[in-house]
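Below is one structure; the comments refer to it alone.
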Amino acid sequence: MTMAKPKYELILLKNMLQPGYTGSLADYERAGGYQALRKILGKVAPAEVTAMVTKSGLRGRGGAGFPAGIKWGFLPKDYQGPKYLCCNADESEPGTFKDRQLMERDPHQVLEGIAIACYAIGAETAYIYIRGEFVLGAKILEKAIAEARAAGYLGKNVLGAGVTIDVWVHRGAGAYICGEETALLESLEGKRGLPRVKPPFPATAGLYGKPTVINNVETLANLPHIITRGPEWFASIGSPPKSTGMRIFCVSGHVKRPGNYEVPMGITCRDLIFEHAGGMRSDKPLKAIIPGGASASFFTPEHLDVKLDFESVAQAGSMLGSGGVTVMEEGTSMVWAALRLMEFFHHESCGKCSPCREGSSWLVQTLRRIVNKRGRMQDLETLTDLCQNIAGRTVCAFGDAEVAPILSTLKYWRHEYEELIRTAEANGSSELLMPAAARH
Amino acid sequence: MVETVKLTIDGHHITVPKGTLVIEAARQVGVMVPHFCYHPKLKPDANCRMCLVEIEKMPKLQTACSTPAAEGMVVRTATTVVNEAHKSVLEFILANHPLDCPVCDQGGRCDLQDFSHEYTPTTSRFIEVKRVFPKEYFSPLIETQMNRCVQCLRCVRYCDEVMDVKALAPSGRGTMTEIKHFTHHELDCEFCGGCVQICPVGAITSRLSMYEFRPWMLKRADTVCTYCGDGCQITIQTKENQLIEVMSAQGAGRNNGDLCARGFFGYHVSTHPDRLQHPLIRRNGELVQATWEDALEWVAETAIRLKLAHGPNAFGGLIGARCTNEDLYLFQKFMRLVVGTNNIDSSARYGQINGVRALRRVQGTSRWTVTFDDIVSAEALLLVGTNVTETNPITGLKVKEAVKKRQATLLTIEALEPAVGTISNIANLAAHHFSVQPDGFKPAVLGLIKAVVEENLVSQPLAQKAPGYVQAVSEAVRRLSWQAIERATGSSSQSFIDATRSFTRTARAVILVGQGVLRAPDGSGLTATLLDLLLLTGHHGLPGCGVAPLAEENNDQGAVEMGAALEYLPGPSDANDQAARARLAQAWKEELPKGPGKSLMEMIEGARTGSLKAMFIVGENPAGSLPPSAGTMEALQSLDLLVCQELFLTETARLAHVVLPACSYAEKDGTFTNTEGHVQSVRHAIELIGESRPDWEILSALSVLMGYPLEYGDAKEIFKEIRSLIPGYGLLGPAPTPPRPDQAVVESYLKTGYSSGLAERYTLGERRAASGERKDFSLTLLVTQTLFHSGKFSTRAKGLLQVQAEGAFSLNPADGTRLGLAEGDRVRVSNDLGEMTTTVKLQDRVPVGLALFPEHFDQEARRLLRVSTDPATQVPYYKSASVKVEKAK
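In the order they appear, the protein sequences are chains A and B.
Heads up, the first sequence is in our numbering, so the first residue is 536 and it goes up one at a time.
Heads up, the second sequence is in our numbering, so the first residue is -15 and it goes up one at a time.
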């Protein structure tokens, strides 16, 4: 664990940073765990819990940042049949690794959050859809669920309040797209993980066609604290009113101390990188920042003072996304970086809809050609066109995500593309139409 | 009242029912939104993104295929933004698409080709490497060329949502997504051809017509498939009098454009090289080619001579129910007037008659009181003795739609088990299944009725209206013990009670009766008992409810309605209905022959004993259909005159004195009446093969030579005459209007009619002591129909032979173990009548104690069968036998 002494009072990472904290039920209870569940179960009406969460201003920590309480409120009010909660633990956004730590190091905090959410929305069954590679996390969760069940925090008649909350862990099979909520549902149902056409939204027809809420691990982990300490307390942290609470940023790349940092929403990039993550790893200056996972547009050093909250980042042309902050130093080829990201997206494009399926392969091949010094100037126009033709025209948000790295590098570092192309033109290799792919 | 919404599409105002998709609303105002993945039969998947349109107040473009029309919506489909979107999506789709239109069978009717011409420039900006899939062999009938695939998944969705087969799936990810089947062996599916029909591009095509045509070279004819009683509308496409392919347009006919393997791939029969091209006359024991004049004159002279010598009742007539209504009508008129006998029968005698007799007896109709649409909207469906997918595949689709899309409760009583990994097994969808031996249908039905009575589920209005009937039936079933029913069916009393409860609580219930009932002893009685069930539950007479016996042959229903049976006159009216006889005599200006007439089996008996001297057989092959134990061949050989009108030299035609070449359905015009009583037009697709002639024309020519001319200019004239006799016959609308039960008949049935035969209908009967049953005959052999063959010609269809070319002896793996048999073993199957050697196939869906053999390959198996004849309906039964099985040496 590469945490420096925290500057702020930690919420989510607090327990696990205590010396000797193992994440067992006993440890969690000693640290005040499951008090929130005790506080509400059978005592506070579910609708009131939802109201509290809405009031806290808690927004989704998975990427889209949708207000959690409002999402719960979309469930049909007088619906009688089964409803489901899905905990999205598919954390696959490149540069993001916070949920993994939350699940591995303090699983009961997540489970308590799940139990609270289940109670609030009236779901008797929750599924944790966990990324397939998180074998350890899945094992830890399974063990924690067994502990919680034995202690009466989960299962039938939770804490004697007559409420049933069953939690099941389901391991994914290795597809990025299954982090998309509707693809997650498909995969959970045993089908091929492809996003669904919305509407209907999961709130009305989700898992097995029943009303379903899908929340990210970090979102759910915040719930016990909101209940214990009150929504007003939570809403006072960060940059209210729109971005409340703490946020775990996963800092990676060319910094001295990569790792997870829990900080109030709204601190600046500069603070996060230079104060918390220890600054750049060498004497090379900072060149680029991805502020919210691979799907977010790049920032330049000019954006260092942008506040890391939903609105400010969006205003500056990117998104807070999953909280994965990747830092790159001077000397990094931005065309290469864009290609590297595009290769990821090409590999992960599920193939359901035409613009993304065909576009990702087209983009990656064109980028590869440019990086391999076989580009042509008109390729830049084609790249821009293709990106614009993908964005907003796909079934899910993947299309918007995959074009962000290209469009933003083209915007800020177009000269790097042009330089590669000029070299190619000088060599006469632009004319070599031997396909780039053939050399790979 | 349907809730509607008003919207505007490209300036057109339109009101549509709530829930209508924008793309459909647009179609209604004549605006075509380009699309690939959308299909009206399938749930929207919105994956091709081609149908993006602008909708006011929505920030992004929306897919018209997945957006329901809403009140006040303003849609634009032809703005610059939308056009740009269409162009860009097409550019993406074309990026990896090969430029192989010149060798693609879809060329000329390809959505991608059409839209490309409309939206994209002729040169592409794509200069990268195109994705190439290695070529893989897919199946003998279906060709895939995955480089052309646009990944719209219509085929996958169709195979799952409509067919419930799930043979196809996308495999791989992103651009490497290709459509495959699940395993490494070649495609194993129902071969309905749906994927070929629904593919918008040339990714999935038929191998039967590969590289043979361009769409604009084809001549089309909309006609009706002849493979089963469903009566699917098909479009036969031909080039220079050659059959190229069959398709069925989306929404066409009672099949709604869906087909089965037989309909889609089984069309090569009409142009088979073995087709008879000239008349044949037997000279010196050999059949030799003759002219029409010689053949017809010889027949007429011989017939006149025999009639003078032995009287008209020495003649018999048999016609296949695959002929048109016009052929059937003229045939019975020929027999009744020109020859002057009531010795008339058709292949409807093999089973259809049983169903019709029961319907007429209980409710006074000769047809279903329901339609396919009622099956789709039924809340409960009871299938007795039919694996409907295999016999009537399209009726099967209606059942699947009801169960899968509309959550109907399906009850099945069948000699098959639900089994994992088995396609074409309707029991797999059943909520309540009773797996019985072939003689267990009746006990299972009685179990349901007993549950109705004992659980007090008898309709109250009926109990008040017909207390005597209810009491008699109640007493009859109370006399049966649950133990005996459980023994006879292998199902618990509780399962009958559960099934009955879920059946009775529905408002719309349909019972489908299959060949397992209709072609087995007392098929008519059991059908009547099923009507009892519907009467007792109170469903009988309600809209959308009824008992529906499934016709096996395409015009079984027409054969009965045209009066091609000794007991029926056209209508059908009973042959001894004096008023009907008078009406007909007046129309025909001739007295009808008197006397009871002979049925199929009686005619064969007559031929053997010498009382029958001559037979006219049209499109029917009793020597091939009936088992050798019936002695058909010997009987027919002893006739003084046997005239066959046939397409091929069948077993029966080989025995004939004169064989007259008839034309197939693909060469003639007329009408067929399908199983639900819908009369549909048959139109010729190709010119007559050789010197063949339509059956009615041959009969008409003979009638002239025999001195009693029945002359018609064309089939339409005959149809007009049919209509004059049966008012309103064949309105040729899009759907049939089913008759209502005749209340007078129902009341008379409830008063006294039920009692005759009640005791026999309401006994369990002995476990069938098939004559000759012995202890060492440990298996019951059941000869059944399979999905890939039906009718008399399918074994001449090269497409179908590629899927199934031989029979196998299917039995349960447990029986296999018991008898020491493994898959693929050669076995000797025998009983006291004979023996055969065949190959073993182990199938979970065959119940223990039973063995199935497909009837289309049963020439040898037939040696093991014995014929019994129903004393009441004269239906011959010969579908099962007790056999002994041992490994072949």
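Just so it is clear, CB atoms sit at the ideal spot from N, CA and C, and this is done for glycine as well.
- By the Cβ-count criterion, Tyr195 (chain B) is exposed, with fewer than 16 other Cβ atoms from all chains shown falling within 10 Å of its own Cβ.
- For Lys735 (chain B), the enclosing alpha helix (DSSP H) has its first and last residue at 727 to 735.
- Exclusion of the five residues before and after Gly697 (chain A) leaves Gly577 as the residues of its chain whose Cβ lies within less than 8 Å of its Cβ.
- Every alpha helix (DSSP H) stretch that sits fully inside the segment 36 to 103 of chain B and reaches 4 residues is listed by chain position as 64 to 79, 95 to 103.
- Taking 8 Å as the threshold, the shortest C-beta distance from Phe76 (chain B) to chain A falls below it.
- Using a Cβ distance threshold of 8 Å, Leu637 (chain A) and Glu797 (chain A) do not count as a contacting pair.
- Nearest Cα to Glu954 (chain A) within the set A:Leu942, A:Val938, A:Val906, A:Arg928: A:Val906.
- The C-beta of Glu767 (chain A) has fewer than 16 other C-beta atoms within 10 Å across all chains shown, which makes the residue exposed.
- Under a 10 Å Cβ-count criterion, Pro533 (chain B) is classified as buried, with 16 or more other Cβ atoms of the shown protein chains found around its own Cβ.
- For Glu716 (chain A), no CB of chain B lies under 8 Å from its own CB, so it is not counted at the interface with that chain.
- Contact between the segment 547 to 564 of chain A and the segment 624 to 641 of chain A is present, with at least three C-beta pairs closer than 8 Å.
- A straight-line Cα-Cα distance of about 9 Å links Ala669 (chain B) and Tyr649 (chain B).
- In chain order, Asn31 make up the part of chain B whose C-beta sits under 7 Å from the C-beta of Lys887 (chain A).
- For His662 (chain B), DSSP records no beta bridge to any residue.
- Note that the C-beta distance between Gly828 (chain A) and Gly856 (chain A) is below 8 Å.
- Boundaries of the beta strand (DSSP E) harbouring Gln217 (chain B): 217 to 223, taken from the DSSP string.
- Approximately 7 Å separates the beta-carbon atoms of Gln336 (chain B) and Gln541 (chain B); this is inside 8 Å, confirming the contact.
- For Ala79 (chain B), the closest Cβ of chain A is nearer than 8 Å.
- In this structure Leu365 (chain B) is in contact with Leu395 (chain B), their Cβ atoms being roughly 7 Å apart against a cut-off of 8 Å.
- With fewer than 16 neighbouring CB atoms inside 10 Å of its own CB, Ile605 (chain A) falls in the exposed class.
- Here Arg666 (chain A) is actually not in contact with Ala599 (chain A); their C-beta atoms are around 18 Å apart, not less than 8 Å.
- Under the criterion of beta carbons closer than 8 Å, Val73 (chain B) and Gln900 (chain A) do not qualify as touching, at roughly 19 Å.
- Taken atom to atom, the span from the alpha-carbon of Glu586 (chain B) to that of Gly304 (chain B) is near 17 Å.
- Beta-bridge pairing by DSSP links Trp703 (chain A) to A:Tyr662.
- Around the beta-carbon of Pro725 (chain B), 16 or more other beta-carbon atoms lie within 10 Å, marking it buried.
- The Cβ-Cβ distance between Ala386 (chain B) and Val360 (chain B) falls below 8 Å.
- When rounded, the separation of the alpha-carbon atoms in Arg471 (chain B) and Leu502 (chain B) is 23 Å.
- Exposed is the label assigned to Asp920 (chain A), since fewer than 16 other Cβ atoms lie within 10 Å of its Cβ.
- Listed in chain order, the non-local C-beta contacts of Gly934 (chain A) below 8 Å within the same chain comprise Cys888, Pro890, Cys891, Gly894, Ile925, Ala926, Gly927, Arg928, local neighbours out to five positions each way being set aside.
- One alpha carbon belongs to Asn80 (chain B), the other to Ser896 (chain A), and they sit about 9 Å apart.
- Annotation: the continuous beta strand (DSSP E) that includes Tyr796 (chain A) extends over 794 to 799.
- Taking every protein chain shown into account, the CB of Phe166 (chain B) has fewer than 16 other CB atoms within 10 angstroms, so this residue is exposed.
- With a minimum length of 3 residues, the unbroken runs of beta strand (DSSP E) contained wholly in the segment 173 to 257 of chain B fall at 188 to 190, 203 to 208, 217 to 223, 226 to 231.
- Within the DSSP bridge table, the entry for Asp558 (chain B) names B:Tyr552 as partners.
- Contact annotation: in the segment 835 to 852 of chain A, no residue has its CB less than 9 Å from a CB in chain B.
- Contact residues of the segment 58 to 76 of chain B toward chain A are Ala69, Ser72, Val73, Phe76 (C-beta to C-beta distance below 7 Å).
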